[in-house]
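In this note's numbering, the protein residues as written are 1038 to 1424.
Heads up, the beta-carbon is just placed ideally off N, CA and C, and yes, glycines get one too.
What follows is a set of notes on a single structure, which appears directly below.
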């Protein structure tokens, strides 16, 4: 997904928005927030999946298919149709007699008679975990953040943090699911365009480590792309490690893939690796320099170290483009509180600009950082840390 330009009038040399214009923008944001919460409900209750698999459905049909309450299903269906997410077939109501308004009973009967369908294009984004357009997991993040707002407010007051573990399975699954299609479908082709990296990974017996592997989708993608390699995933979050081990077994790759519950500082104690990857995790680390130093020492001379992190702007700007706005959202509510949950912490946050990573890398003993020519990989940028 590409960046978009800021749209506020002030960025184009015009006057700042009036109070009425800002109020209209705020109302649009409110409507978007309601839609996001409603998507979270439909995702977690299986309503979208039922519509995709068995639709069109009435409210009673949806409730029966998902084991939920008809009255709530009906309200959600109407809200989704009102927002343009679902399409509705409305048989209408009988005309009132003598100019009377239709009764509440007839209105309820009409509501129960309507059938709703999920358009294929919308189903792709809301129900297909293999699609590059799959964005329903973003709504799960909203749910996870909402549940932690009291703790977040306390952290903002005291300077403390809220650890990743406290955000729960909604956040874990959302993070894994939103990145899974990218890793599964695009990581191997992206690495194949990098001759020095691809050649090294293709060597028989190459040893690869994936630092901060989460649910292991990047680890498994590396193992599939390089069948002669031995691949190790590493993470400190026990539920994520258990999920990654289960995924490796299900994929039949547990013979070549090993998932470790361990801190990256343990890397240097074992046999050296030929390549190390850190996908979207350096900005979360309380002590990134210490981890990058351990990674450097764990990779043999002539090996490669690749970091993938958010493709934020080179420097701060305001108003910013949509990528920076998105990453500031993640940072404020998830990544920065997680990073500050451990002490000491540098408190990087999600908006880790290239200069910040370059500074961390040099402090960790790398000579420099180069941006790799990987284009159109979601919201991400690839770096090689030079020995």
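From which residue to which residue does the beta strand (DSSP E) around residue 1073 run? Working through the chain shown from its first residue, we reach residue 1073 at position 36. Not the beta strand (DSSP E): residue 1073 falls in the alpha helix (DSSP H), residues 1056-1081.
Do the CB positions of residue 1385 and residue 1393 come within less than 8 Å of each other? Counting from 1 along the chain shown, the entry for residue 1385 is found at position 348. Counting from 1 along the chain shown, the entry for residue 1393 is found at position 356. Their beta carbons are under 8 Å apart, which means residue 1385 touches residue 1393 by this criterion.
Taking 8 Å as the threshold (C-beta atoms), are residue 1388 and residue 1368 in contact? Here the question's residue 1368 lines up with position 331 in the chain shown. Here the question's residue 1388 lines up with position 351 in the chain shown. Cβ atoms of residue 1368 and residue 1388: closer than 8 Å.
Quick check: the Cα distance between residue 1424 and residue 1240, rounded to an integer number of angstroms? As a position in the chain shown, residue 1424 is number 387, starting the count at 1. As a position in the chain shown, residue 1240 is number 203, starting the count at 1. Their Cα atoms are separated by approximately 20 Å.
Give the single residue among 1179, 1220, 1104 and 1276 whose Cα lies nearest to the Cα of residue 1166. Start at 1 with the first residue of the chain shown, and residue 1166 comes out as number 129. Residue 1166 has its Cα closest to that of 1220, out of 1179, 1220, 1104 and 1276.
contact_flag[the region 1239-1258, the region 1276-1284] where n(CB pairs < 8 Å) is 3 or more: They touch, by the three-pair rule.
Using CA atoms only, rank isn't needed, just tell me which of 1122, 1350, 1186 and 1260 is closest to residue 1416. Position 379 of the chain shown, counted from the start, is the residue given in the question as residue 1416. Ranking the options by Cα distance to residue 1416, first place goes to 1350.
Kindly confirm or deny that the region 1108-1120 and the region 1066-1078 touch, where touching means at least three C-beta pairs closer than 8 Å. Touching, yes, given that three or more Cβ pairs across the two stretches are closer than 8 Å.
Taking the alpha-carbon positions, what's the residue 1048 to residue 1356 distance? Here residue 1048 corresponds to residue number 11 of the chain shown, with the count starting at 1. Here residue 1356 corresponds to residue number 319 of the chain shown, with the count starting at 1. Reliability fails at residue 1048, whose pLDDT of 42 lies under 50, so the model's placement of it is uncertain and no value is given.
Nearest candidate by alpha-carbon position, reference residue 1397, set 1235, 1381, 1282 and 1422: Translated into the one-based positions of the chain shown, residue 1397 becomes position 360. Comparing Cα positions, the closest option is 1422.
In chain order, which continuous runs of the alpha helix (DSSP H) of length 4 or greater are located wholly inside the region 1264-1351? Note on the region 1264-1351: whole alpha helix (DSSP H) runs with a minimum of 4 residues are 1275-1287 and 1325-1335, in chain order.
Nearest CA to the CA of residue 1395: which residue from 1406, 1340 and 1073? Residue numbering aside, residue 1395 sits at position 358 when the chain shown is read from its first letter. Of the candidates 1406, 1340 and 1073, the one whose C-alpha sits nearest the C-alpha of residue 1395 is 1406.
Per DSSP, which residues does residue 1125 bridge with? Please list them. Your numbering for residue 1125 matches position 88 in the chain shown. Residue 1125 is bridged to 1153.
What are the boundary residues of the alpha helix (DSSP H) that includes residue 1215? Here the question's residue 1215 lines up with position 178 in the chain shown. 1201-1229 is the span of the alpha helix (DSSP H), which, as asked, contains residue 1215.
Best match in 1145, 1266, 1348 and 1179 for proximity to residue 1390 [C-alpha to C-alpha]: Numbered from 1 along the chain shown, position 353 holds the residue referred to as residue 1390. Here the closest residue by C-alpha is 1348.
Would residue 1273 pass as a contact of residue 1259 if the rule is Cβ separation under 8 Å? Locating residue 1273 in the chain shown gives position 236, counting from the first residue. Locating residue 1259 in the chain shown gives position 222, counting from the first residue. No.
Give me the Cβ distance between residue 1483 and residue 1331, rounded to the nearest whole Å; I'm assuming they're in contact under 8 Å. Coverage of the chain is limited to positions 1038 through 1424, which leaves residue 1483 absent and any answer about it impossible.
C-beta atoms of residue 1215 and residue 1156 nearer than 8 Å: Locating residue 1215 in the chain shown gives position 178, counting from the first residue. Locating residue 1156 in the chain shown gives position 119, counting from the first residue. Cβ distance not < 8 Å, so residue 1215 and residue 1156 don't count as in contact.
Can you grab the Cα-Cα spacing for the pair residue 1131 / residue 1098, in whole Å? Walking along the chain shown from the start, residue 1131 turns up at place 94. Walking along the chain shown from the start, residue 1098 turns up at place 61. With a pLDDT of only 49 at residue 1131, under 50, the local geometry of the prediction cannot be trusted, and no value is derived from it.
Using the rule of at least 16 other Cβ atoms within 10 Å of the residue's Cβ for burial, across every protein chain shown, is residue 1375 buried or exposed? The residue given as residue 1375 occupies position 338 in the chain shown. By the Cβ-count criterion, residue 1375 is buried, with 16 or more other Cβ atoms from all chains shown falling within 10 Å of its own Cβ.
To which residues of the same chain is residue 1073 closer than 6 Å at the C-beta, ignoring the five residues directly before and after it? Taking the chain shown and counting its residues from 1, the one referred to as residue 1073 is at position 36. Closer than 6 Å at the Cβ level, and outside the excluded window around residue 1073, lie 1176 and 1179.
Here's a check: name, in chain order, each residue in its chain whose Cβ is nearer than 8 Å to the Cβ of residue 1218, leaving out the five neighbours to either side. Here residue 1218 refers to the residue found at position 181 of the chain shown. Answer for residue 1218: 1166, 1167, 1168, 1169 and 1171, listed in chain order.
Of the residues 1149, 1056 and 1262, which one's Cα is nearest the Cα of residue 1222? Position 185 of the chain shown, counted from the first residue, corresponds to residue 1222. Nearest of 1149, 1056 and 1262 to residue 1222, Cα basis: 1262.
Limits of the unbroken alpha helix (DSSP H) element including residue 1108: As a working note, residue 1108 is residue 71 in the chain shown. It spans 1107-1119 - the alpha helix (DSSP H) in which residue 1108 sits, taken as one unbroken run.
When you compare only the Cα positions, how much space is there between residue 1338 and residue 1118? Here residue 1338 is taken as the residue at index 301 of the chain shown, counted from 1. Here residue 1118 is taken as the residue at index 81 of the chain shown, counted from 1. Going by C-alpha positions, residue 1338 is about 59 Å away from residue 1118.
Assigned exposure category for residue 1042 - 16 Cβ within 10 Å defines buried: Stepping through the chain shown from its first residue, residue 1042 is reached at position 5. Caution applies to residue 1042, whose pLDDT of 39 falls short of 50 and renders its modelled position unreliable; the model cannot decide the point.
Short check: CB of residue 1228 to CB of residue 1238, under 8 Å? Position 191 of the chain shown, counting from 1, holds the residue named residue 1228. Position 201 of the chain shown, counting from 1, holds the residue named residue 1238. For residue 1228 and residue 1238, yes; Cβs fall inside 8 Å.
Assuming the contact rule is C-beta atoms closer than 8 Å, residue 1089 and residue 1164 should be a hit. Round their C-beta distance to whole Å, please. As a position in the chain shown, residue 1089 is number 52, starting the count at 1. As a position in the chain shown, residue 1164 is number 127, starting the count at 1. Taking C-beta atoms under 8 Å as the contact rule, residue 1089 and residue 1164 qualify, at a distance of about 5 Å.
Quick one: what does DSSP say residue 1131 is sitting in, helix, strand or coil? What you label residue 1131 is simply residue 94 of the chain shown in a count that begins at 1. In this prediction, residue 1131 scores a pLDDT of 49, lower than 50, which makes its location untrustworthy; the coordinate-derived value is nonetheless stated afterwards. Collapsing the DSSP output to three states places residue 1131 in coil.
Residue 1412 to residue 1360 span [Cα, whole Å]: Taking the chain shown and counting its residues from 1, one reaches residue 1412 at position 375. Taking the chain shown and counting its residues from 1, one reaches residue 1360 at position 323. Straight across, the Cα-Cα distance linking residue 1412 with residue 1360 is about 15 Å.
Let me check understanding here. Comparing Cα to Cα, which of 1285, 1122 and 1381 lies closest to residue 1158? Here residue 1158 is taken as the residue at index 121 of the chain shown, counted from 1. Ranking the options by Cα distance to residue 1158, first place goes to 1122.
Residues bridged to residue 1420 by DSSP? Locating residue 1420 in the chain shown gives position 383, where the first residue counts as 1. 1344 and 1408.
Measure from the alpha carbon of residue 1068 to the alpha carbon of each residue in 1341, 1204, 1120 and 1143, then state which is nearest. As a position in the chain shown, residue 1068 is number 31, starting the count at 1. When C-alpha distances from residue 1068 are compared across 1341, 1204, 1120 and 1143, the shortest belongs to 1120.
Spatial distance of residue 1063 from residue 1190 (CA atoms): The residue given as residue 1063 occupies position 26 in the chain shown. The residue given as residue 1190 occupies position 153 in the chain shown. Each residue's alpha carbon lies about 22 Å from the other.
Roughly how many angstroms lie between the CA atoms of residue 1197 and residue 1149, to the nearest whole one? Walking along the chain shown from the start, residue 1197 turns up at place 160. Walking along the chain shown from the start, residue 1149 turns up at place 112. So the alpha carbons of these two residues sit roughly 49 Å apart.
One question on the structure: do residue 1247 and residue 1256 come within less than 8 Å of each other, judged by their Cβ atoms? Indexing the chain shown from 1 puts residue 1247 at position 210. Indexing the chain shown from 1 puts residue 1256 at position 219. Yes, the pair counts as a contact, with Cβ atoms nearer than the cut-off.
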